[in-house]
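Just below is one structure, and these are the notes that go with it.
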Amino acid sequence: MKIARNRIMYFGSWTAQPVEEAAAATVKGTGVQSAEVTAKTFGTAVSGLSGVYLFKHKGGSWTLNGVAVKLDTYGITGGDESAQDGDIITVTYTAKSTGWEAIGKDNDDLSKELNPDTETGKNVLGETTFNHSGYEPEVNVDLYYMDPARVMYPHLRDIAMQEKYSEEDCVGWFAEAFYESADEEAQTMEGYCYVRRAWFVPESDGGDTAGAAVPYTIHPIGAMTRKHIVYDMKTNEATITDEAA
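Residues 844 to 1088, numbered by my numbering, are exactly what the sequence shown covers, in order.
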């Protein structure tokens, strides 16, 4: 991304709260009865990439993606002594994040369509009248690849695949940011943003050979609150806080 002061960006979050690092392990098979995992160690081993990791015992060793590994490298305990071939340890890992994801990584053009509700008329005197009743904004994210590293991905995938449509499932938070300064060395931009609630509505799921995707549309609702924002270009995440008095 090019660093520029005059730039508008959009962000989404399900909770508008930071996400803490977490990892959980489940087991399946005849040998291993239980396993524990340390989130910090596991996160270091997988370079902080959120996702579901499948460890399979084969030929006397544990493997990940077909490559032999040591469980202690990943902070996993309880899987070595009684393991049998075919046993599986599944680790679900969530990386620590600010909870805000930059929207548009897969798009070369992205805009908030205001959809103004207007009406033009003419009276018997030949005068033109104009009535503006407000906006019905929406952001059409017409390409969004299923990427476990993204904050919005797991829940968006689930509501699309399970065809959920309730407010509880589909309503999150939307932020529209404008940057006033940039730090090229730190690769950050800073400015202000307007935060409000929004519906995140999946339009389809599936995709082509480029990867599975969930295109979706954002429908902002409710009142806006102005906040301070710092965007980290290295992580594509934003830190949003109250503005200083």
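Note that the Cβ used here is the ideal one computed from N, Cα and C, for glycine as well.
| Item | Value |
| --- | --- |
| Minimum length 4: unbroken alpha helix (DSSP H) runs contained in the segment 963-1026 | 996-1004 and 1010-1013 |
| From Asp1075, Val870, Glu1028 and Gly977, residue whose alpha carbon lies closest to that of Thr961 | Gly977 |
| Those residues which DSSP pairs with Leu897 across a bridge | Thr933 |
| Val994 beta carbon less than 9 Å from that of Glu944 | yes |
| Start-to-end residues for the alpha helix (DSSP H) that takes in Glu1041 | The sequence shown places Ala at residue 1041, rather than the Glu named in the question. Per DSSP, Ala1041 belongs to no alpha helix (DSSP H); it is in the beta strand (DSSP E), Thr1031 to Pro1045. |
| Given 8 Å, three or more beta-carbon pairs between the segment 1023-1031 and the segment 950-960 | no |
| Beta-carbon proximity list for Ala859, same chain, < 6 Å, skipping 5 on both sides | Trp1016 |
| Expected contact under 8 Å - CB spacing of Leu897 and Ile931 to nearest Å | 6 Å |
| Continuous beta strand (DSSP E) stretch holding Gly1054: start and end | Gly1054 to Ala1056 |
| Reduced DSSP secondary structure (H/G/I, E/B, other) of Thr941 | coil |
| Contact check, Tyr996 vs Asp949, beta carbons under 9 Å | no |
| Assigned exposure category for Ala867 - 16 Cβ within 10 Å defines buried | exposed |
| Residues sharing a beta bridge with Lys871, DSSP | Ile931 |
| Val895 versus Ala1018: straight-line alpha-carbon distance, rounded | 29 Å |
| Host beta strand (DSSP E) of Ala911 (start-end) | Val910 to Val912 |
| Distance between beta carbons of Lys1070 and Thr1084, contact taken as under 8 Å | 7 Å |
| Cβ-based burial, Leu968 [other Cβ within 10 Å; buried from 16] | exposed |
| Reference Cys1013, options Ala1053, Phe1021 and His998, closest by Cα | His998 |
| Tyr917 burial status per 10 Å Cβ neighbour count (16 or more: buried) | buried |
| Nearest-angstrom Cα separation, counted from Phe854 out to Arg1039 | 11 Å |
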